[in-house]
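Only one structure is covered here, and it is reproduced in the block below.
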Amino acid sequence: MGKSRRRRGRQSSIAAEQGKSGGEASGKQRWRTLIITTAVVAIVSTVVTLAINNFGTVWHKIRPKPPVNTEVERRQVPLDASSSAVDPSRPAEDSATVGTIESWGGRVWALPASVDSTATPWVGKVPDDNNNFGPAFGTWVTRAEGADVGTTELRIVVTAQDKDVVISGVCAHLTGPRIAPMDGTLFYMEPQGDEPEPASINLDSGNTCAPEFGAAPVHVEAGKNKVIDVSASTRGHTVSWYPELRLVVDGKRQTTPVGGNQTFRTTALLDDLTAYRHYFSYVYEGSPPRFREGLADPSQLAYLRKLAYGGNG
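Here the UniProt record's numbering is used: the first residue of the sequence shown is 1, the next is one more, and so on.
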C-alpha cells in the first residue's frame with residue numbers, strides 16, 4: 001500500500017516534470033517560428049523593393065521619360081523702327097490719323113541701266129500736250145526702276161480726324177537693303193525757281209528719322225491738318241523706303257505708314273560723272289524744251305550736288 005503510493009507520487013512528479021519540459025519546448029518553438037517569419041518577411045520585402053527599383057530602371061531604359069525643359073524660352077528682341085534691318089510686313093495705317101502724300105519730285109534722276117535715246121519717250125520731245133514733265137516723268141522713272149538722285153522730296157499732309165495727335169517723329173522705313181548707287185543713266189533738270197532745301201532725313205544713318213520732330217513734337221488738333229515737307233537723302237547708297245509717322249494718340253505711342261503701298265527709291269550722286277553710261281540734261285532753249293543726251297562734264301559736279309542735295313550740296 002505504501003509502495004503503491006510512493007509509485008504514484010513518482011509518476012506524478014515525472015508527469016509534472018514532463019509537462020514542464022513540454023511547456024518550455026512549446027514556448028521556444030513559438031519564438032523560433034516568430035523569428036523565422038519576421039526574417040522571411042524582411043527578406044521578401046527587400047527582394048520585392050529591389051525588384052521594383054530594378055524594373056523601373058530597366059523600364060525607363062526601354063521607354064525613357066520625356067526630358068524636362070529647363071531652358072527659358074529666348075524671346076526675339078524687337079527691332080527698333082529706325083533700324084536698317086528690313087521688315088517685309090507693312091502695318092496698316094492708323095484710322096484716327098490720315099497721312100497723305102500731296103506731291104513729290106526732284107531735279108536729278110538716275111536709272112540702273114543704259115537707255116536707248118531713240119526709245120526713251122522723254123528725249124527730244126514733249127511728254128504730253130500740256131508740256132508737263134512732272135507726274136508722268138516720275139511714273140516713267142519709277143517703272144524703269146530708277147530713283148531720285150541725292151534727295152527725295154515729299155509733302156505730307158497729316159489730318160487728325162476725331163482726336164488730337166502729337167507727331168513725335170517723321171521717319172523713313174527701309175524696305176530693302178542699302179545697295180550701291182545707280183550708274184546707268186543720269187537725267188537732270190535745271191530749276192526755274194528756288195533750289196531745294198537741305199534734306200532732313202539721312203537714309204545712310206542707322207536712325208532714319210527727322211531730328212526736328214524728335215526734338216520738338218508737333219501737336220495737331222482734332223479736325224485740323226498739318227503740312228510736313230520731307231526730304232530724304234543718301235550720299236552712298238541706293239535705298240528703297242516709305243515714309244512713316246510716329247504718333248501719340250490718347251497717350252499711346254504708335255507708328256503708321258503714309259502713302260498706301262507707295263515705295264520710293266533714292267540713290268546717291270556718283271562723285272565721278274563720267275561713270276554714268278548715259279547722261280541727259282534738260283534744255284529749255286528751243287521749242288519744245290526737251291532732254292538732250294550729251295557728254296558728262298566733271299566741272300558740273302558741284303552744281304549737280306546742289307541740285308541733288310540742296311544748299312551747298
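For every residue, glycine included, the Cβ atom is placed at its ideal position computed from N, Cα and C.
- In terms of Cβ geometry, T142 and A172 do not form a close pair [threshold 7 Å].
- In this structure, P177 keeps its C-beta atom at 7 Å or more from the C-beta atom of T267.
- Y282 is bridged by DSSP to M189, F291.
- CA-CA distance, E221 to S240, rounds to 32 Å.
- In the structure shown, Q300 adopts helical secondary structure according to DSSP, grouped into three states.
- In terms of CA proximity to V258, R155 leads the group V149, E212, R155.
- Per DSSP, the unbroken beta strand (DSSP E) holding P243 starts and ends at 238 to 249.
- Taken through DSSP and simplified to helix, strand or coil, L307 comes out as helix.
- In this chain, A222 is not harboured by any beta strand (DSSP E), its DSSP state being neither H nor E.
- Taken atom to atom, the span from the alpha-carbon of A210 to that of D271 is near 25 Å.
- Counting C-beta atoms within 10 angstroms of its own C-beta, S233 has 16 or more neighbours from the protein chains shown and is therefore classed as buried.
- The C-beta of Y284 has fewer than 16 other C-beta atoms within 10 Å across all chains shown, which makes the residue exposed.
- Assignment of beta-bridge partners to V170 by DSSP yields L245.
- Shortest Cα-Cα distance from H237 to any of V227, L203, G313 involves L203.
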